[in-house]
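Enquirer: Mind having a look at this structure? Questions to follow.
There are 2 protein chains.
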Amino acid sequence: MDHVPSLVVDNGSVNEEVKINKEKEKRLIVLGRNIHTMCLEVTEPDVDDEVTGDREAYMAGVLARYKRALTERTKHHLGYPYNLDFDYGALSQLQHFSINNLGDPFIESNYGVHSRQFEVGVLDWFARLWELEKNEYWGYITNCGTEGNLHGILIGREVFPEGILYASRESHYSVFKAARMYRMECVKIDTLWSGEIDCDDFKAKLLQNQDKPAIINVNIGKFLHHCFSLSIPFSLPLTLFILTLTTIAGTTVKGAVDDLDLVIKKLEEAGFSQDRFYIHCDGALFGLMMPFVKRAPKVTFKKPIGSVSVSGHKFVGCPMPCGVQITRLNYVNALSRDVEYLASRDATIMGSRNGHAPIFLWYTLNRKGYRGFQKEVQKCLRNAHYFKDRLVEAGIGAMLNELSSTVVFERPHDEEFVRRWQLACKGNIAHVVVMPNITIEKLNEFLNELLEKRATWFQDGKDQPYCISSDVGEKNCLCALHK
Amino acid sequence: MDHVPSLVVDNGSVNEEVKINKEKEKRLIVLGRNIHTMCLEVTEPDVDDEVTGDREAYMAGVLARYKRALTERTKHHLGYPYNLDFDYGALSQLQHFSINNLGDPFIESNYGVHSRQFEVGVLDWFARLWELEKNEYWGYITNCGTEGNLHGILIGREVFPEGILYASRESHYSVFKAARMYRMECVKIDTLWSGEIDCDDFKAKLLQNQDKPAIINVNIGKFLHHCFSLSIPFSLPLTLFILTLTTIAGTTVKGAVDDLDLVIKKLEEAGFSQDRFYIHCDGALFGLMMPFVKRAPKVTFKKPIGSVSVSGHKFVGCPMPCGVQITRLNYVNALSRDVEYLASRDATIMGSRNGHAPIFLWYTLNRKGYRGFQKEVQKCLRNAHYFKDRLVEAGIGAMLNELSSTVVFERPHDEEFVRRWQLACKGNIAHVVVMPNITIEKLNEFLNELLEKRATWFQDGKDQPYCISSDVGEKNCLCALHK
Chain F
-4 MDHVPSLVVD NGSVNEEVKI NKEKEKRLIV LGRNIHTMCL EVTEPDVDDE
46 VTGDREAYMA GVLARYKRAL TERTKHHLGY PYNLDFDYGA LSQLQHFSIN
96 NLGDPFIESN YGVHSRQFEV GVLDWFARLW ELEKNEYWGY ITNCGTEGNL
146 HGILIGREVF PEGILYASRE SHYSVFKAAR MYRMECVKID TLWSGEIDCD
196 DFKAKLLQNQ DKPAIINVNI GKFLHHCFSL SIPFSLPLTL FILTLTTIAG
246 TTVKGAVDDL DLVIKKLEEA GFSQDRFYIH CDGALFGLMM PFVKRAPKVT
296 FKKPIGSVSV SGHKFVGCPM PCGVQITRLN YVNALSRDVE YLASRDATIM
346 GSRNGHAPIF LWYTLNRKGY RGFQKEVQKC LRNAHYFKDR LVEAGIGAML
396 NELSSTVVFE RPHDEEFVRR WQLACKGNIA HVVVMPNITI EKLNEFLNEL
446 LEKRATWFQD GKDQPYCISS DVGEKNCLCA LHK
Chain X
-4 MDHVPSLVVD NGSVNEEVKI NKEKEKRLIV LGRNIHTMCL EVTEPDVDDE
46 VTGDREAYMA GVLARYKRAL TERTKHHLGY PYNLDFDYGA LSQLQHFSIN
96 NLGDPFIESN YGVHSRQFEV GVLDWFARLW ELEKNEYWGY ITNCGTEGNL
146 HGILIGREVF PEGILYASRE SHYSVFKAAR MYRMECVKID TLWSGEIDCD
196 DFKAKLLQNQ DKPAIINVNI GKFLHHCFSL SIPFSLPLTL FILTLTTIAG
246 TTVKGAVDDL DLVIKKLEEA GFSQDRFYIH CDGALFGLMM PFVKRAPKVT
296 FKKPIGSVSV SGHKFVGCPM PCGVQITRLN YVNALSRDVE YLASRDATIM
346 GSRNGHAPIF LWYTLNRKGY RGFQKEVQKC LRNAHYFKDR LVEAGIGAML
396 NELSSTVVFE RPHDEEFVRR WQLACKGNIA HVVVMPNITI EKLNEFLNEL
446 LEKRATWFQD GKDQPYCISS DVGEKNCLCA LHK
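Now the structure itself:
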């Protein structure tokens, strides 16, 4: 398997492939273990297995050890934005049903073991949040954020077959994958150091391509510095309350968010009328975390956007990956086709769709409500601030894209440590995503361990903290040069 | 929502949109209910909900009613090839973990709560079945059969960017969706009445397009009439045993299978050398059901095929949709790209991937082994024969594509009945897929109800049985003209 570059294999040997290129864009680091070394082989049962019970005992042992490992890994889990704090005991009674929402959520197929009634309830909730009428939206619960992006960009391409895809360099990799899959021309836009799209560069590139429609991936919302203005008027009726909501998402690594209003303004300035662009809003990480701020620019279908997707397993917390995709109904009619086999339209990317995920989402949304989410968001933001302050106090360069609760900091110099805490890294930076299950206690545990390790890495000056000013700005960098 | 054609809405009114076109290809029938009428709304909790417990009680009530409906729907379930006979009690302890096999199964990402060791065990099992060495294959567990087809065809396109996609008219609709998504030229091939690809038409169309490489979707295996030759030499060692296996799959509606060897022969005859074609084998429904026959032509990577996909939730039985995709490692290296965020390659269609499905598959494969699957296949084939014979005895036109255990018969004249039994229909035909959970008792119940209903449909000659000869051949049709 020399095709699979691996950094550390189980016997502890290091097998590194690091290609460093002057151009930051081309810097590739491939980490990870070749899992064949830890594969759980499937073997044919012995003829007498049913009698002896050996096999059952073996499998029970494997599962018990696996559960122990999961518990341990779940405990040390900081780098990925998954809320692991959920309790779905009430749903375990449904686990043994083969629930499949084949095809379109709004048209019942003949396969009756589905959960469309839950799915549509969840979709309605999101459509209401983003101000699109029930009879004007279409959507579905996807397998993951990538499927939402693939779907949104595909709609854009079907609406504008000759359109060019514009996306900031910090966009999720699935956006560039979509361009390749769909054979679309793709223009990468620079970012500010915050990770936010550079709208001047965006406009310049639009002006170079005025003859073709624009399909834009926007990492939704706006990067805001006044992060504690979370006073939500709970006494207001729900409809009014929703009007004050905003959705803000983050790019994958830095947790920064693009300014949707500015993007639309630049499109206008470059002479693109509304019938010549399509905006897909990728709310992957924080689409559900950030709506709880007043006076922030809103993500709403009252603005000229085409689709919004969020991940369901991230802030909501769900034992399986899933996402929500909402778009305008008239677009989907262009995309879909009739498939008699299913007695349904074919407007989704996947055919068979997991019917358990909608029930998990429905259960959580119903139980927590907006109020419950708001409390959790506040806690996360408080904890993220605490964490960032503690890092800086300890002399470690760090930045908080405040509303995303993502703390970006100097990449630890030991890959084993990175893996132990499951940090997502890019170049010289790592990030911790403070989710509801990341308590002050867990952050302290991490900090103590980091400081201890750091003392050994930098002992006797044998190594130096990385400069991360190009990622987080000079004022947030604490390398030898900038501190 | 007048964009959503619906046949029956909850108040019982009928709102039919049936466009019948002389050309069979263009006959569209869109069934199904608009689910907004049965949506379970998500509402904001009252301030005192936590005190009163009203909300918990409401939700428990919804879930209890839903469970009752699922039980009922699972009982009346004949048309879709899902084995609903499984017991995963031992795995319920893992339900509350957020298990995510982000990215590539063979490279551990920094996100540690995964099940790659199970996934690779399952993939090894399938690679062994299809005779591809561990260090020569790549694969992953997909969300469904559609993802496998999207992946296989994408590899084909990346290997042959100018290639034309060839697929029989009876291929799964996801194959044609792929062509559209990927902007590939697509040529539809006629089928024989069995549903098998018409290789003469295939060759003729190859000859018309000799200047471009060919990417072929093959519904794997061969349509065989001698279906009880299932004597597997259990005394042989496993390696020898596997050499006698064959995989045969079915097209979606008729359960027929294409003749892989003949497809390869036609490619040769049309002057396509092995470096000018790519074959994706879609084993959606029966890829795991049919390997247990000796002397049948085999699906094996020793033949010039590029990828094989099967569904995991169908014959195996799994509470969530999933599938298995296996391809040659050298192809995937062309497809993948390095994504530092994940510390992994990006060779899968989806990013986040459900980590529970591999554990379900691993558990079942380990428990049943080849022997267990063989017993179930035998039972299904016996029951399918029984069912087809009973239909014909009762004067109902029917056909059994023997090795697929799919019985095709005259479409019932009452859509309510079709929905009650969850039959998949196309034009004038319906099908029942005899899976391990479809017992003789259940088939009898269905037959009795069908005969009772039929007596009323055809009472006083007010309606006539459909002619289905174009679908099943004259000898299997029992309409007024052909009986």
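Protein chains in written order, with this note's numbering: chain F, -4 to 478; chain X, -4 to 478.
Note that the Cβ used here is the ideal one computed from N, Cα and C, for glycine as well.
Note that the coordinates shown come from a computational prediction; the quantities given were computed from them, not determined experimentally.
(1) Which ranges would you report for the beta strand (DSSP E) in the stretch 359 to 422 of chain F if only whole runs of at least 3 residues count?
(2) For chain F, check one thing: does any of its Cβ atoms lie closer than 9 Å to the Cβ of Y177(X)?
(3) Using a Cβ cut-off of 7 Å, which residues of the stretch 95 to 109 of chain F contact any Cβ in chain A, in chain order?
(4) Mind checking which residues open and close the beta strand (DSSP E) that includes N443(F)?
(5) Are the stretch 83 to 90 of chain X and the stretch 106 to 113 of chain F in contact at 8 Å, needing three or more beta carbon pairs?
(6) Which of the three DSSP states, helix, strand or coil, is assigned to W188(F)?
(7) Find the residues of chain X that neighbour G481(F), judging by a C-beta separation of less than 7 Å, and give them in chain order.
(8) Contact check, N423(X) vs R406(X) under 8 Å by CB: the rounded distance?
(9) Who are the Cβ neighbours of L139(X) in its own chain at under 6 Å, not counting the five residues just before and after it?
(10) Name, please, each residue of chain X whose Cβ falls closer than 8 Å to the Cβ of S169(F).
(11) Assuming V427(F) contacts C375(F) under a Cβ cut-off of 8 Å, what Cβ separation, rounded to an integer in Å, is found between them?
(12) Hey, quick one: how far does the beta strand (DSSP E) through D277(X) stretch, first residue to last?
(13) Quick one: is Q112(F) near chain X, going by C-beta distance under 9 Å?
(14) Is G392(X) closer than 9 Å to D277(X) when the C-beta atoms are compared?
(15) Compute the Euclidean distance between the alpha carbons of M345(X) and Q459(X), then round it to the nearest angstrom.
(16) Give, in chain order, every residue of the stretch 357 to 368 of chain X whose Cβ lies closer than 9 Å to some Cβ of chain F.
(17) Give me, in chain order, the residues of the same chain whose beta-carbon lies closer than 8 Å to that of C313(X); leave out the 5 immediate sequence neighbours on both sides.
(18) Label L473(F) either buried or exposed according to how many other C-beta atoms from any shown protein chain fall within 10 Å of its C-beta, with 16 as the threshold for buried.
(19) Output yes if chain F places a C-beta closer than 9 Å to the C-beta of E142(X); else output no.
(20) Could you tell me the boundaries of the alpha helix (DSSP H) in which N144(X) lies?
(21) Assign N29(X) to one of three DSSP states: helix, strand, or coil.
(22) Could you please give me the residues that DSSP links to H426(X) through a beta bridge?
(23) Leaving out five residues before and five after S163(F) in sequence, what residues of the same chain have Cβ atoms less than 6 Å from its Cβ?
(24) List, in order along the chain, the chain X residues whose C-beta lies closer than 8 Å to that of H351(F)?
(25) Are there 16 or more other CB atoms within 10 angstroms of the CB of D466(X), so buried, or fewer, so exposed?
(26) Suppose the cutoff is 6 Å on Cβ atoms and the five residues either side in sequence are ignored; what does the same chain contact list for H146(F) look like?
(27) Does the Cβ of A475(X) have 16 or more other Cβ atoms within 10 Å, making it buried, or fewer, making it exposed?
(28) Measure the beta-carbon distance from Q417(X) to G74(X) and round it to whole angstroms, keeping in mind my assumption that it falls under 8 Å.
(29) I'd like to know if the stretch 127 to 137 of chain F and the stretch 44 to 55 of chain X are in contact, where contact means that at least 3 CB-CB pairs between them fall below 8 Å.
(30) Can you tell which of D206(F), K309(F), D341(F), C181(F) has the C-alpha that lies nearest to the C-alpha of E371(F)?
(31) Would you tell me roughly how many angstroms separate the C-alpha atoms of N214(F) and S166(F), rounded to the nearest one?
(32) When DSSP labels each residue in this structure, what does E39(X) get in the three-state scheme?
(33) Counting only Cβ pairs nearer than 8 Å, list the residues of chain F close to A546(X).
(34) At least one CB of chain X closer than 9 Å to the CB of H408(F): is that the case?
(35) When you compare only the Cα positions, how much space is there between V182(X) and D256(X)?
(36) Considering only C-alpha positions, which residue in the set K478(X), A64(X), P299(X) is nearest to I463(X)?
Expert: The structure says:
(1) Whole beta strand (DSSP E) segments, 3+ residues: 393 to 396, 401 to 405, 419 to 421.
(2) Translated into positions along the second sequence, residue 177(X) becomes position 182. Under the 9 Å criterion on CB atoms, Y177(X) is classed as interfacial with respect to chain F.
(3) Absence of chain A from the displayed structure is noted, the protein chains being F and X.
(4) Locating residue 443(F) in the first sequence gives position 448, counting from the first residue. Counting along the chain, N443(F) sits inside no beta strand (DSSP E); it lies in the alpha helix (DSSP H) bounded by residues 435 to 452.
(5) No, the stretch 83 to 90 of chain X is not in contact with the stretch 106 to 113 of chain F.
(6) By 1-based counting over the first sequence, the position of residue 188(F) is 193. In the structure shown, the three-state DSSP call for W188(F) is coil.
(7) Examination of residue 481(F) is not possible in this model, given that chain F is present from -4 through 478 alone.
(8) Indexing the second sequence from 1 puts residue 423(X) at position 428. Indexing the second sequence from 1 puts residue 406(X) at position 411. The beta-carbon separation of N423(X) and R406(X), rounded to 5 Å, stays under the 8 Å limit for a contact.
(9) Position 144 of the second sequence, counting from 1, holds the residue named residue 139(X). Reading off the sequence shown, one finds Cys at residue 139(X), where the question assumed Leu. Sequence-distant partners of C139(X) (beyond 5 residues in either direction) whose C-beta falls short of 6 Å from its own C-beta, in its chain, are P316, G318.
(10) Walking along the first sequence from the start, residue 169(F) turns up at place 174. Taking a Cβ-Cβ threshold of 8 Å, the residues of chain X close to S169(F) are G346, in chain order.
(11) Reading the first sequence from its first residue, position 432 is the one you call residue 427(F). Reading the first sequence from its first residue, position 380 is the one you call residue 375(F). Here V427(F) is actually not in contact with C375(F); their C-beta atoms are around 11 Å apart, not less than 8 Å.
(12) Counting from 1 along the second sequence, the entry for residue 277(X) is found at position 282. Membership of D277(X) in the beta strand (DSSP E) is indicated by the continuous run 272 to 278.
(13) By one-based count along the first sequence, residue 112(F) stands at place 117. Under the Cβ distance rule, Q112(F) counts among the residues neighbouring chain X, one pair being separated by less than 9 Å.
(14) Position 282 of the second sequence, counted from the start, is the residue given in the question as residue 277(X). Position 397 of the second sequence, counted from the start, is the residue given in the question as residue 392(X). Going by C-beta atoms, D277(X) is not nearer than 9 Å to G392(X).
(15) As a working note, residue 345(X) is residue 350 in the second sequence. As a working note, residue 459(X) is residue 464 in the second sequence. Rounded to the nearest angstrom, the two C-alpha atoms are 48 Å apart.
(16) Residues of the stretch 357 to 368 of chain X with a C-beta less than 9 Å from any C-beta of chain F: W357, Y358, L360, N361, R362, K363, G364, Y365, R366, G367, listed in chain order.
(17) Position 318 of the second sequence holds residue 313(X). F81, G307, A352, F355, L356, T359.
(18) Here the question's residue 473(F) lines up with position 478 in the first sequence. Buried, since its Cβ has 16 or more Cβ neighbours within 10 Å.
(19) The residue labelled residue 142(X) in the question sits at position 147 within the second sequence. The beta-carbon of E142(X) is placed less than 9 Å from the nearest beta-carbon of chain F.
(20) By 1-based counting over the second sequence, the position of residue 144(X) is 149. Taken as a continuous stretch (DSSP letters only), the alpha helix (DSSP H) holding N144(X) covers 140 to 154.
(21) By 1-based counting over the second sequence, the position of residue 29(X) is 34. With a pLDDT of 46 at N29(X), under the threshold of 50, the modelled position of this residue cannot be trusted; read the value that follows with caution. Strand.
(22) Locating residue 426(X) in the second sequence gives position 431, counting from the first residue. Per DSSP, V403(X), A419(X).
(23) Reading the first sequence from its first residue, position 168 is the one you call residue 163(F). These residues qualify, in order along the chain: I184, T186, I192.
(24) Position 356 of the first sequence holds residue 351(F). Chain-ordered, the chain X residues with CB closer than 8 Å to the CB of H351(F) read P314, M315.
(25) The sequence position of residue 466(X) within the second sequence is 471, counting from 1. Answer is buried; the Cβ neighbour count reaches 16.
(26) For the purposes of this step, residue 146(F) is taken as the residue at position 151 of the first sequence. Taking H146(F) as the centre and dropping the five residues before and after it, the same chain places the C-beta of Q320, I344 closer than 6 Å to its C-beta, in chain order.
(27) Position 480 of the second sequence holds residue 475(X). Per the 10 Å Cβ criterion, exposed.
(28) Residue numbering aside, residue 417(X) sits at position 422 when the second sequence is read from its first letter. Residue numbering aside, residue 74(X) sits at position 79 when the second sequence is read from its first letter. Beta-carbon to beta-carbon, Q417(X) and G74(X) are separated by about 5 Å, close enough to satisfy the 8 Å threshold.
(29) The stretch 127 to 137 of chain F makes no contact with the stretch 44 to 55 of chain X; the number of CB pairs closer than 8 Å stays below 3.
(30) Along the first sequence, one-based indexing puts residue 371(F) at 376. For the residues D206(F), K309(F), D341(F), C181(F), the minimum Cα distance to E371(F) belongs to K309(F).
(31) Taking the first residue of the first sequence as 1, we reach residue 214(F) at position 219. Taking the first residue of the first sequence as 1, we reach residue 166(F) at position 171. Distance from the CA atom of N214(F) to the CA atom of S166(F), rounded to whole angstroms, is 7 Å.
(32) Here the question's residue 39(X) lines up with position 44 in the second sequence. Per DSSP, reduced to three states, the secondary structure at E39(X) is coil, with no helix or strand assignment.
(33) Only positions -4 to 478 of chain X appear in this structure, which leaves residue 546(X) out of reach.
(34) Start at 1 with the first residue of the first sequence, and residue 408(F) comes out as number 413. With its beta carbon at least 9 Å from every one in chain X, H408(F) lies outside the interface.
(35) Residue numbering aside, residue 182(X) sits at position 187 when the second sequence is read from its first letter. Residue numbering aside, residue 256(X) sits at position 261 when the second sequence is read from its first letter. Just so you know, the alpha carbons of V182(X) and D256(X) end up roughly 20 Å apart.
(36) For this step, residue 463(X) is matched to residue 468 along the second sequence. Comparing C-alpha distances from I463(X) to each of K478(X), A64(X), P299(X) shows the shortest one belongs to K478(X).
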